[in-house]
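One structure below.
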């Protein structure tokens with residue numbers, strides 16, 4: 002009903018009550034009328050039947066048919082009487098008058114108690130019993146007595162009066178028809194009144210609605226006059242007044258529009274003039290941008306050109322033998338040059354990003370390798386400040402992902418470098434975790450966070466930190482340096498790679514910089530070999546730096562090793578002794594120390610005790626060292642610098658536990674078996690107008706033992722190329738006169754179908770489209786300045802196939818980090834063993850004479866040195882008799898010296914040889930191990946001083 006119109010609602014409200022009332026009254030009166038007709042028929046039938054019963058009493062008593070016939074004929078004249086029938090006292094029909102003579106009355110319908118009425122389809126029978134009446138006066142005066150008397154007698158017969166329904170039905174139909182006509186008339190009258198009233202109410206509403214619609218269309222001259230009543234008159238006046246006000250408002254608005262149009266026309270003319278001026282300004286800005294880009298490229302070239310010479314010759318000088326002070330000065334020069342190069346690279350990267358010319362690679366790479374490279378590169382700066390630099394990459398982080406490894410490494414380097422720069426004490430921790438993984442699309446979202454314990458940032462500083470050329474404050478720029486571009490570049494790089502970057506910091510409590518990296522997983526990378534070689538091995542670990550200990554322990558447990566942590570050197574030594582006593586010694590003891598403990602006598606004694614007395618291999622973890630000539634590094638079997646890399650740690654543990662050299666630990670520097678001949682050495686031409694750069698390139702080429710020539714201009718290069726062909730040309734781009742591009746075009750004209758000279762561009766320009774443009778100009782490759790020897794050798798090998806010999810630079814091999822290779826590492830002893838040397842026992846065996854004991858011990862060492870080489874030879878040649886004799890002599894010599902372990906080993910091997918024991922080889926290995934330990938003890942111990950001290954003590958007493 003909510004959506005019904007006013008007319009429909011008025012009709013419903015008017016008609017429904019009237020129709021309901023009319024129908025109810027019509028039905029009521031029709032029902033009453035029909036009932037009255039039926040009641041009238043019933044009353045007349047009963048009255049006529051009583052009258053006939055009274056009149057036929059004598060006729061039935063005397064059985065006078067003629068009297069009964071006259072009575073019935075007289076009664077048939079009555080309206081609605083159809084037939085009359087008389088029955089005797091026995092129920093037999095005496096007389097029937099009227100139609101339906103064949104119809105009978107059943108005996109059970111003839112009752113003597115009272116008159117009955119039988120309704121049929123077309124008529125109704127009224128049956129009345131006839132009794133003999135008492136004619137006495139008393140009975141006549143007393144009706145009750147008369148009635149009682151009549152009840153005491155049997156009826157004389159019965160009178161049946163049949164009343165027809167024909168006239169009654171006619172009257173009923175007549176009543177129904179009249180009622181129906183009255184109802185229809187009432188309904189029609191009600192509808193007429195309702196329609197009249199609805200029109201009187203809705204027509205003004207429709208007129209008002211139509212007027213509103215016209216006003217809506219803008220016909221503001223519309224007025225409405227309905228004349229419907231006072232209520233509508235008020236609405237009419239309000240609507241007409243509103244229309245008049247709207248008309249005035251429209252006229253005023255039109256006037257304002259005309260004025261605004263005129264003002265807008267003037268404004269458009271002004272804007273058109275400004276657009277012309279802006280177009281000129283835009284052209285000037287584009288030209289300025291082009292000039293700026295060209296200036297940037299030129300400045301890049303001009304700055305990188307001297308940097309190329311500085312860094313290159315510094316590296317060459319560092320390869321030569323120098324005094325320590327000069328080497329320190331050269332290292333400072335190289336670090337300063339690298340810092341300057343980093344600043345230039347940041348400015349160039351920012352320019353690329355702002356110009357929208359940054360191109361990201363999409364190649365598979367291993368995230369853990371990137372993290373470890375950054376940590377190893379920045380470790381010296383962190384360790385110089387005594388900071389704990391730790392990478393924590395969780396197990397669920399996938400390794401093979403797609404992306405730009407160089408840019409990811411750049412972001413991580415910026416964030417970690419900032420953390421180191423602004424942290425004075427404590428630690429810098431890099432954490433990599435899996436934030437989200439989509440199995441359907443094979444995509445993952447990684448979260449990398451760098452947490453430091455540095456100065457922290459306030460909220461105001463955090464808001465502007467990622468803006469270009471912005472730092473925390475001016476004092477920060479003076480104290481810590483930098484351009485303020487690192488975080489801005491990192492933010493743009495992360496956004497270009499589809500990630501987010503942010504920070505959480507509190508002033509004075511450190512900061513956490515984080516960024517997300519969304520990438521696809523790749524299975525195209527090389528399969529990572531499982532590291533199961535150390536599963537089940539027991540390791541004991543002492544670490545001074547808590548977070549580093551957590552990271553190393555995480556790696557060890559990931560490889561299936563059992564790790565026991567201790568808190569002090571004493572606890573470490575005590576726990577190893579207890580483990581050896583229970584025959585469950587440790588495979589390796591890992592000792593991590595800080596910078597100030599490198600020369601600690603306590604740790605030196607600990608490592609010496611573990612290696613010599615306990616025969617337990619020790620792996621030393623230290624900060625980055627300027628030199629490895631520290632007491633600790635010479636004592637321990639293994640040595641790694643922090644932060645620890647996975648491959649290095651695994652290879653070192655594999656060597657210490659099992660004595661296995663993995664494939665990754667193959668010798669890195671080898672001398673070529675075949676000498677370099679002139680026939681297969683390529684001829685190289687270097688072209689550069691800068692004398693320093695040209696000299697550097699020539700020096701690097703000569704170190705590679707190449708046949709190289711130089712040219713300081715394009716004309717000289719063309720002249721030399723015409724004289725003889727070259728296998729490779731390094732061409733500087735910016736040269737006076739004929740630049741590198743024009744020189745390259747001339748050289749290309751000299752190429753033949755059988756020979757095409759590879760030309761590599763040497764330039765300090767670092768624009769995004771530089772390499773593509775150079776390729777179109779005829780160059781085969783691109784090498785940016787400053788030039789490194791590694792880049793140079795790679796390009797030579799790529800374009801000529803020539804492998805530069807490793808002994809470049811004054812004919813000397815580059816010196817790698819060298820481990821002590823005087824002995825072969827053997828696994829740690831897992832059980833308790835006898836002492837290697839006992840000075841007191843030696844003196845006792847020499848009758849208390851320290852001088853004699855020292856002499857006997859010296860003779861034993863000489864014999865051990867000879868026998869250690871002879872015993873393996875005799876064993877290999879299966880000369881068992883000579884071996885027995887050698888062992889017997891050695892056993893005899895040990896009887897006069899305090900060497901319990903060697904004495905026992907020689908005794909066991911001599912017995913095994915004599916008895917041909919099955920564990921003969923094991924006993925031989927035990928003897929060689931004891932001899933090795935004795936030699937190590939003698940090399941690392943001032944045993945002569947020990948004997949002298951015992952002698953002096955004896956003389957004093």
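In this note's numbering, the protein residues as written are 2 to 958.
Positions of the beta carbon are idealized from the N, C-alpha and C atoms, including for glycine.
Source: prediction; values computed, not measured.
- Item | Contained beta strand (DSSP E) runs [length at least 3] in the segment 393 to 433, N- to C-terminal order | 401 to 404
- Does DSSP classify residue 97 as helix, strand or coil? On the chain shown, residue 97 is found 96 positions in, with the first residue counted as 1. Of the three classes helix, strand and coil, the one that applies to residue 97 here is strand, per DSSP.
- Query: Three or more C-beta pairs closer than 8 Å, one from the segment 395 to 413 and one from the segment 602 to 610: is that the case here?
  - Reply: no
- Item | Contacts around residue 95, its chain only, beta-carbon distance under 6 Å, and the 5 residues preceding and following it disregarded | Here residue 95 is taken as the residue at index 94 of the chain shown, counted from 1. Same-chain partners within the cutoff: 87, 89.
- When burial is assigned at 16 or more other CB atoms within 10 Å of the CB, is residue 498 buried or exposed? On the chain shown, position 497 is the one that residue 498 refers to. Classification of residue 498: buried, given that the 10 Å Cβ count is 16 or more.
- Task: Go ahead and label residue 574 buried or exposed: buried means 16 or more other beta carbons lie within 10 angstroms of its beta carbon, across all protein chains shown.
- Result: Start at 1 with the first residue of the chain shown, and residue 574 comes out as number 573. The residue is buried, with at least 16 neighbouring Cβ atoms inside 10 Å.
- Task: Leaving aside the five residues before and after residue 700 along the sequence, list all residues of the same chain whose C-beta is less than 7 Å from its C-beta, in chain order.
- Result: What you label residue 700 is simply residue 699 of the chain shown in a count that begins at 1. Excluding sequence neighbours, residue 700 sits near 317.
- Identify, in the order they occur along the chain, each residue of the same chain with its Cβ nearer than 7 Å to the Cβ of residue 570, setting aside the five sequence neighbours on each side. Position 569 of the chain shown holds residue 570. Once the five neighbours on either side are set aside, the close Cβ partners of residue 570 are 543, 603, 604, 607.
- Message: Can you look up residue 107 in the DSSP assignment and give me helix, strand or coil?
- Response: For this step, residue 107 is matched to residue 106 along the chain shown. Residue 107 falls in the coil class under three-state DSSP.
- Query: residue 158 bridges to which residues according to DSSP?
  - Reply: Taking the chain shown and counting its residues from 1, the one referred to as residue 158 is at position 157. Residue 158 is bridged to 89, 131.
- Inspect the CB distances between the segment 156 to 164 and the segment 68 to 88 and report whether three or more fall short of 8 Å. yes
- Beta-carbon proximity list for residue 560, same chain, < 6 Å, skipping 5 on both sides: Counted from its first residue, the chain shown places residue 560 at position 559. Correct list, in chain order: 532, 535.
- Message: Helix, strand or coil, according to DSSP, for residue 785 in the structure here?
- Response: Here residue 785 is taken as the residue at index 784 of the chain shown, counted from 1. Residue 785 falls in the strand class under three-state DSSP.
- Item | Whole-angstrom C-beta distance between residue 925 and residue 876, which should lie under 8 Å | Position 875 of the chain shown, counting from 1, holds the residue named residue 876. Position 924 of the chain shown, counting from 1, holds the residue named residue 925. That pair is a contact at about 6 Å.
- Are at least three pairs of beta-carbons, each pair with one atom in the segment 434 to 441 and one in the segment 408 to 426, less than 8 Å apart? no
- residue 407: which of 341, 456, 491 sits nearest, CA to CA? Against the chain shown, residue 407 aligns to sequence position 406. When each option's Cα is compared against that of residue 407, the closest is 491.
- Item | Per DSSP, cross-strand counterpart(s) of residue 445 | To locate residue 445, count along the chain shown from 1; it is residue 444. Paired residue(s): 438, 520.
- Message: Can you confirm whether the segment 270 to 286 touches the segment 652 to 663 when touching is taken to mean that 3 or more C-beta pairs between the two stretches lie within less than 8 Å?
- Response: no
- Message: According to DSSP, is residue 454 part of a helix, a strand, or is it coil?
- Response: By one-based count along the chain shown, residue 454 stands at place 453. Here residue 454 sits in coil by DSSP.
- Item | Residue environment, residue 54, which counts as buried when at least 16 other CB atoms sit within 10 Å | By 1-based counting over the chain shown, the position of residue 54 is 53. When all chains shown are included, residue 54 counts as buried.
- Task: Indicate the three-state DSSP secondary structure (helix, strand or coil) for residue 571 in the structure shown.
- Result: As a working mapping, residue 571 is identified with position 570 in the chain shown. Residue state, collapsed to three classes: helix.
- Message: Rounding to the nearest angstrom, what Cα-Cα distance links residue 512 and residue 419 in this structure?
- Response: Counted from its first residue, the chain shown places residue 512 at position 511. Counted from its first residue, the chain shown places residue 419 at position 418. Spanning the two alpha carbons is a distance of roughly 10 Å.
- Task: Please state whether DSSP places residue 515 in a helix, a strand or coil.
- Result: Residue numbering aside, residue 515 sits at position 514 when the chain shown is read from its first letter. Three-state result, residue 515: strand.
- Complete alpha helix (DSSP H) runs within the segment 704 to 772 (minimum length 4 residues, chain order): 715 to 724, 741 to 750
- Query: Does DSSP put residue 544 in a helix, a strand or coil?
  - Reply: Position 543 of the chain shown, counted from the start, is the residue given in the question as residue 544. Looking at residue 544 - three-state DSSP - the assignment turns out to be strand.
- With 16 other Cβ atoms within 10 Å as the buried cut-off, status of residue 600: On the chain shown, position 599 is the one that residue 600 refers to. Residue 600 is exposed by the Cβ-count criterion.
- What are the boundary residues of the alpha helix (DSSP H) that includes residue 365? Here residue 365 refers to the residue found at position 364 when the chain shown is read from its first residue. Counting along the chain, residue 365 falls outside any alpha helix (DSSP H), though it belongs to the beta strand (DSSP E) covering 364 to 367.
- Item | Supposed close pair residue 623, residue 546 - CB separation, criterion 8 Å | Numbered from its first residue, the chain shown carries residue 623 at position 622. Numbered from its first residue, the chain shown carries residue 546 at position 545. Their Cβ separation, rounded to whole angstroms, is 11 Å, which puts residue 623 and residue 546 out of contact at 8 Å.
- Using the beta-carbon count (16 or more within 10 Å), is residue 493 buried or exposed? Numbered from 1 along the chain shown, position 492 holds the residue referred to as residue 493. Its Cβ being crowded by 16 or more others within 10 Å, residue 493 is buried.
- Less than 8 Å between the CB atoms is what I'm expecting for residue 837 and residue 614, so what's the real figure, rounded? By one-based count along the chain shown, residue 837 stands at place 836. By one-based count along the chain shown, residue 614 stands at place 613. The pair is a contact, with the Cβ atoms about 7 Å apart (cut-off 8 Å).
- Query: Of the residues 692, 69, 870, 911, which one's Cα is nearest the Cα of residue 310?
  - Reply: The count along the chain shown starts at 1 and reaches residue 310 at position 309. Closest option to residue 310, Cα to Cα, is 692.
- Item | Selected residue, minimal CA-CA separation from residue 785, among 240, 660, 762 | If you number the chain shown from 1, residue 785 lands on position 784. Ranking the options by Cα distance to residue 785, first place goes to 762.
- Message: Taking only three categories from DSSP, how would you classify residue 804?
- Response: In the chain shown, counting from the first residue as 1, residue 804 sits at position 803. Coil.
- Message: In chain order, what are the residue ranges of uninterrupted beta strand (DSSP E) at least 3 long that sit wholly in the segment 592 to 667?
- Response: 619 to 623, 639 to 642
- Message: Do residue 106 and residue 61 count as a contact pair if the criterion is CB distance below 8 Å?
- Response: In the chain shown, counting from the first residue as 1, residue 61 sits at position 60. In the chain shown, counting from the first residue as 1, residue 106 sits at position 105. Cβ distance not < 8 Å, so residue 61 and residue 106 don't count as in contact.
- Query: Nearest-angstrom Cα distance between residue 585 and residue 319?
  - Reply: Position 584 of the chain shown, counted from the start, is the residue given in the question as residue 585. Position 318 of the chain shown, counted from the start, is the residue given in the question as residue 319. Rounded to whole angstroms, residue 585 to residue 319 spans 49 Å at the Cα level.
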